[in-house]
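A.B. asks:
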Amino acid sequence: MSHLPIESIRDVRAHLAEVVERADRDDLPTIITRHGKQVAAVVAIDVLRKYQAWEEHEINRIIDERTANPAPGIPLDEVMRETLARGE
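Residues in the sequence shown are numbered consecutively from 135, following this note's numbering.
1. I need the straight-line Cα distance from TYR185 to GLY207, nearest angstrom please.
2. Return the CA-CA distance between LEU210 and PRO163, expressed in angstroms with no decimal places.
3. Is the beta carbon of GLU141 less than 9 Å from the beta carbon of ILE179?
4. Distance check for ALA187 and ILE143, CA to CA, integer angstroms please.
5. So, VAL173 versus ALA157, is the Cβ gap smaller than 9 Å?
6. Starting from ILE197, follow the alpha helix (DSSP H) in both directions and report where the run begins and ends.
7. Please name the residue in LEU218, ILE196, ASP145, ALA219 whose C-alpha comes closest to that of HIS169.
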């Protein structure tokens with residue numbers, strides 16, 4: 135991921151329109167740093183939506199898998215907690 139543009143919050147503030155245009159035009163995210171630590175990214179909305187669709191698909195797949203073959207004695211709420219924790 136080192137080939138992605140990395141900018142400080144200060145630089146992003148000064149060039150926000152440029153950062154947004156790059157994300158929209160090239161589907162190229164810009165990593166934003168605060169005090170040298172990576173904290174956020176600007177991505178095209180299509181990239182975000184694809185990620186959200188993938189995440190929802192994966193969560194549903196795991197839920198379907200677990201509910202089809204639940205382990206004996208494991209409460210559903212525990213299965214749900216474990217399933218949701220995998221996404222973190």
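Backbone N, C-alpha and C fix where the C-beta goes; we use that ideal spot for every residue, glycine too.
C.D. replies: Taking the coordinates as given:
1. Taking the sequence shown and counting its residues from 1, one reaches residue 185 at position 51. Taking the sequence shown and counting its residues from 1, one reaches residue 207 at position 73. Roughly 34 Å separates the two Cα atoms.
2. Walking along the sequence shown from the start, residue 210 turns up at place 76. Walking along the sequence shown from the start, residue 163 turns up at place 29. Their Cα atoms are separated by approximately 38 Å.
3. Sequence index remark: in the sequence shown, residue 141 carries index 7 (1-based). Sequence index remark: in the sequence shown, residue 179 carries index 45 (1-based). Not a contact, by the Cβ cut-off of 9 Å.
4. Reading the sequence shown from its first residue, position 9 is the one you call residue 143. Reading the sequence shown from its first residue, position 53 is the one you call residue 187. The straight-line gap from Cα to Cα measures roughly 28 Å.
5. Along the sequence shown, read from residue 1 onward, the residue named residue 173 stands at position 39. Along the sequence shown, read from residue 1 onward, the residue named residue 157 stands at position 23. The answer is no: Cβ separation not under 9 Å.
6. Within the sequence shown, the letter at position 63 stands for residue 197. 179-202 is the span of the alpha helix (DSSP H), which, as asked, contains ILE197.
7. Your numbering for residue 169 matches position 35 in the sequence shown. Of the listed residues, the one whose Cα sits closest to HIS169 is ASP145.
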